[in-house]
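*Asks:* Residue numbers (my numbering): 12 to 402.
In this text, a Cβ means the ideal position worked out from N, Cα and C, and glycines have one as well.
(1) I'd like the list of long-range same chain contacts for residue 28, defined as Cβ closer than 8 Å, with 5 residues on each side in sequence excluded.
(2) Quick check: residue 141 and residue 392, are their CB atoms within less than 7 Å of each other?
(3) Cutting at 8 Å between CB atoms, please list the residues of its own chain near residue 17, excluding the five before and the five after it.
(4) Counting only beta-carbon separations shorter than 7 Å, does residue 285 have a partner in chain D?
(5) Would DSSP call residue 159 helix, strand or coil?
(6) Taking Cβ to Cβ, would you say residue 85 is nearer than 7 Å to residue 266?
(7) DSSP state of residue 74, grouped into three classes?
(8) Apply the 10 Å Cβ neighbour rule to residue 187 and answer buried if 16 or more other Cβ atoms are within range, or exposed otherwise.
(9) Would residue 304 and residue 237 qualify as a contact pair, given that the criterion is a beta-carbon distance under 7 Å?
(10) Quick check on the DSSP output: the alpha helix (DSSP H) that includes residue 373 runs from which residue to which?
(11) Can you tell me whether DSSP reads residue 79 as helix, strand or coil?
(12) If we count Cβ pairs, one from each stretch, closer than 8 Å, do we get three or more for the segment 365-385 versus the segment 93-100?
(13) For the putative contact between residue 137 and residue 194, defined by C-beta atoms under 8 Å, what is the C-beta separation to the nearest angstrom?
(14) Does the segment 103-120 come close enough to the segment 52-69 to have 3 or more Cβ pairs within less than 8 Å?
(15) For the pair the segment 225-236 and the segment 107-124, tell me if three or more CB-CB distances fall below 8 Å.
(16) Quick test of your reading: residue 198 and residue 42, contact by CB under 8 Å. State the CB separation rounded to the nearest angstrom.
(17) What is the DSSP secondary structure of residue 141, counted as helix, strand or coil?
(18) Go ahead and pull the three-state DSSP assignment for residue 335.
(19) Which residue from 112, 158, 65 puts its Cα closest to that of residue 89?
(20) Starting from the Cα of residue 400, find the closest Cα among 107, 68, 123 and give me that residue.
(21) Going by Cα to Cα distance, which pick from 311, 252, 36, 264 is closest to residue 68?
(22) Less than 7 Å separating the beta-carbons of residue 30 and residue 213?
(23) Going by other Cβ atoms of all chains shown within 10 Å of its Cβ, with 16 needed for buried, is residue 287 buried or exposed?
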């Protein structure tokens, strides 16, 4: 007697929280850890504008002693009237614009990654379901071969080989279920959800034509990453201007009230105007640093423009290739592979074809099913690349 392993029950992860693609995008906009971090950076930059606009507090002094004048008091105020305050505010506002552009770029990257991870989960679910179906087909063949072996119409080799293929198909189904779990973890982490959240991709894994805006020719310089680098450069130049103006003398005005002696009741008034002298420091270090940062960001902008232009063309090519492949499998290869597998099983059941033909047909069907799912995933990944590379 040849023992045939029974099919291990594989439960596809469909009992979690159903999530549509639009819901995933909405969650990412609200809860993405990366996006939240950049938004907090913008809040910090806006607070720096308030700091830059603050005026220095006045300095008050009171002095009493036996020497003349035995009592005097005064108040002094620094007056940054030669552009120091204005350039500081301008530099801080430039940092705000750069931070906001960075948030826009981060949001675009996060949303593109949502598409990749969401449809990776949908593909893993589809692969797991295919794995179960293929294991069930292998079980039908194994059971039929065992029955034929028991009555003497099949060889022991065929019975053992069919049982072995069934066990392999069952293990493959288990492995595919593990891939579903991994895809769930990756998507939940990207969306900022708690660990252990089971998600189910509710949208079907299909090919939908991309929006015309994704395929339109747009200037690479308008890409958010290039815009961010350009605004970072402007912010660095604004900081350099701030540091240059910072060495301009800041005048101060002081008013003192004095009572020369205790026997002299009248109070005298003295007004003093002072300023600092930029003799020992000209802020060359901070200025050179800001200028070097501006040059660095200018180079980054040029590199980004060149990279986006070439990457967008490559993504369009991948999109077209994946679409052709997916349609080929959907409309021709898969229907034919399923029909061939059915015919092979029927022919084997009536003794008109050897077991090897059935196993070969099932192997071809398994490969075509996986390739069809992979092609749709490649199509969605190409759309995600175009979304990330679009202005």
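*Replies:* Result, derived from the coordinates:
(1) 208, 209, 210, 211
(2) no
(3) The pLDDT assigned to residue 17 is 34, lower than 50, so where the model puts this residue is not dependable; a value taken from the coordinates is nonetheless given after this. Same-chain partners within the cutoff: 150.
(4) Of the protein chains in this structure there is only one, and it is not chain D.
(5) helix
(6) yes
(7) strand
(8) buried
(9) no
(10) 366-400
(11) coil
(12) no
(13) Not a contact, Cβ separation roughly 11 Å.
(14) yes
(15) yes
(16) Rounded, the Cβ-Cβ distance is 12 Å, inconsistent with contact.
(17) helix
(18) helix
(19) 65
(20) 123
(21) 264
(22) yes
(23) exposed
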